[in-house]
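Step one of this worksheet: look at the structure below.
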Amino acid sequence: TFDKRGTGLSDRVPDDQLPSLEVRMDDLRAVMDAVGSQRAALFGYSEGGNMCMLFAATYPERTVALVTYSCFAKRIWSPDYPWAPTPEARAKEYEFVEREWGNQMDLARYIPSKMHDHDFVRRLATYFRYSASPSAAVALLRMNTQIDVRHVLPAIGVPALILHRTGDLDVNIEEGRWLASQIPGARFVELQGDDHMPWAGDQDSIVDEVQEFLTGIRPPRDIDRVLATVLFTDIVGSTERMARVGDKAWTECLDRHHAVVRRELASFRGREMNVAGDGFFATFDGPARAVRCALSIQDAARQLGIEIRAGLHTGEVELHGDKVAGMAVHIGARVAEVASAGATLVSSTVKDLVSGSGLRFEDRGAHALKGVPGEWRLYAASG
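Residues 4 to 386 in our numbering are what the sequence shown lists, from first letter to last.
So, in structure tokens, the structure goes:
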């Protein structure tokens, strides 16, 4: 890996002298020469992928393979490339970045799975501050707006793997599909999730695809599969509440909330899997217990003046040591995102499995869940 000239730990340069794609490509070649690397596999993310595409087409003798993640061919709308932002949308983004860069920005477009992990958001904001000044960030955005590598793609003659997450909110998955269609022999892999940044969401799936592509060997996985009910909860309006009450009071509120959730999980034999900020992820070996646990958490939280929303789904999950993964987990998280304050939403699978339990359900209609095929009928649970 290397920092682009003028960003990260690299020396700063004037905003009007930030490097073009060609200069970045020359920098990459210089780094390879300095370390004695004659040939390398290139991994490019977002606009970094454009530089890698240009390098692969220009220096095929030095490129073993090309891998891109969440990349695009150009960054401004045109009739023959309708997925890119319009000039008006880019102008608004320039204003927003110049005003909010390095603060705890609204990062929902880039890392939706981490939005309730306030520590992660703070670290990312710090990373942004260290990587570039607000004016440099805007200058880079303006430069990226001019990127157009469409004419380069047919000239890429090295093995290419194009990775893209289904629900990426920053770079439309159709852009990834189009890239793959324009690079001769390229392989396109659609990954589940909607995080634009590769270090959020399911990172293992990215690494697995890259390893198999470069080595021909899929990483061995010691995977067991079991049926489980997944529960996701979070505090409604947490960001606004934190801003209103201040850091100290918010930390005390979180401590009380966490204690309540863990008490109820223990009472209903739930297994805590992960905590991200004010959000909990737990699994259960029985769907009725999971629903009752969610309802109990909401009742207990209300006594603290906190409104919780919850989402549940039952399905087959993959066991990776002490962690779980799989589509069922993804669906459960998306069900929770649909829930409103004070609501416990469940999938039809959960509703059908708890028949005769005494739990009641109100039909809340069919919903499209981010990154999940088809429509899903959801129900609000009550005791």
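C-beta atoms are modelled at their ideal positions from N, C-alpha and C, and glycine is treated no differently.
Alpha carbon to alpha carbon, what distance is there between residue j and residue i?
i, j, result
"glycine 345", "glutamate 319", "27 Å"
"valine 233", "tyrosine 113", "24 Å"
"threonine 169", "leucine 194", "6 Å"
"valine 213", "valine 70", "7 Å"
"serine 360", "valine 353", "11 Å"
"glutamate 98", "glycine 289", "50 Å"
"threonine 236", "isoleucine 209", "27 Å"
"alanine 183", "serine 136", "34 Å"
"glycine 219", "alanine 128", "37 Å"
"glutamate 215", "alanine 163", "13 Å"
"arginine 190", "arginine 180", "10 Å"
"glycine 52", "alanine 59", "10 Å"
"histidine 261", "glutamate 340", "20 Å"
"methionine 56", "serine 40", "18 Å"
"alanine 269", "glutamate 243", "30 Å"
"histidine 121", "alanine 252", "15 Å"
"serine 3", "proline 90", "The requested residue 3 does not occur in the structure, where the chain is confined to residues 4 to 386."
"alanine 203", "glycine 280", "15 Å"
Please list, in chain order, all residues of the same chain as residue i whose beta carbon is under 7 Å from its beta carbon, the five residues on each side excluded.
i, result
"glutamate 365", "Tyr382, Ala383"
"leucine 217", "Ala44, Ala68"
"isoleucine 2", "Only positions 4 to 386 of the chain appear in the structure, and residue 2 is not among them; the question remains open."
Go ahead and pull the three-state DSSP assignment for residue i.
i, result
"glutamate 103", "helix"
"aspartate 298", "Residue identity differs from the one stated: residue 298 is leucine in this sequence, not aspartate. It is helical."
"leucine 24", "helix"
"lysine 354", "helix"
"alanine 269", "helix"
"tyrosine 62", "coil"
"lysine 373", "coil"
"tryptophan 379", "strand"
"alanine 303", "helix"
"glutamate 319", "strand"
"arginine 363", "strand"
"alanine 68", "strand"
"arginine 42", "coil"
"isoleucine 79", "coil"
Please decide whether residue i counts as near chain D, where near means a Cβ-Cβ distance under 7 Å.
i, result
"glycine 289", "No chain D appears in the structure shown, which is made up of a single protein chain."
Keeping to the same chain, check which residues put their C-beta closer than 8 Å to that of residue i; ignore five residues upstream and five downstream.
i, result
"glycine 273", "Leu234, Glu267, Ala285, Thr286, Phe287, Arg292, Ala293, Cys296"
"phenylalanine 271", "Phe287, Arg292, Ala293, Arg295, Cys296, Ser299"
"glutamate 25", "Leu57"
"leucine 110", "Lys117, Met118, Val124, Leu127"
Is the distance from the Cβ of residue i to the Cβ of residue j below 7 Å?
i, j, result
"arginine 32", "isoleucine 150", "no"
"glycine 105", "arginine 132", "yes"
"valine 338", "leucine 348", "yes"
"phenylalanine 75", "valine 174", "yes"
"serine 116", "aspartate 198", "yes"
"valine 455", "leucine 172", "It is not possible to answer for residue 455, since the shown part of the chain is limited to 4 through 386."
Please list, in chain order, all residues of the same chain as residue i whose beta carbon is under 6 Å from its beta carbon, the five residues on each side excluded.
i, result
"glycine 160", "Pro63"
"glycine 50", "Reading the sequence as shown, one finds glutamate at residue 50 and not glycine. So the list reads Asn147, once near-sequence residues are dropped."
"glycine 386", "Leu298"
"arginine 153", "Ala76"
"valine 229", "none"
"proline 88", "none"
"leucine 372", "Arg337, Trp379"
"methionine 245", "Trp253"
"glutamate 177", "Trp86"
Which ranges does the beta strand (DSSP E) cover as unbroken runs of at least 3 residues, wholly within the stretch 178 to 209, from first to last along the chain? 190 to 194
Complete runs of the alpha helix (DSSP H) confined to the stretch 112 to 172 [at least 4 residues]: 121 to 134, 137 to 148
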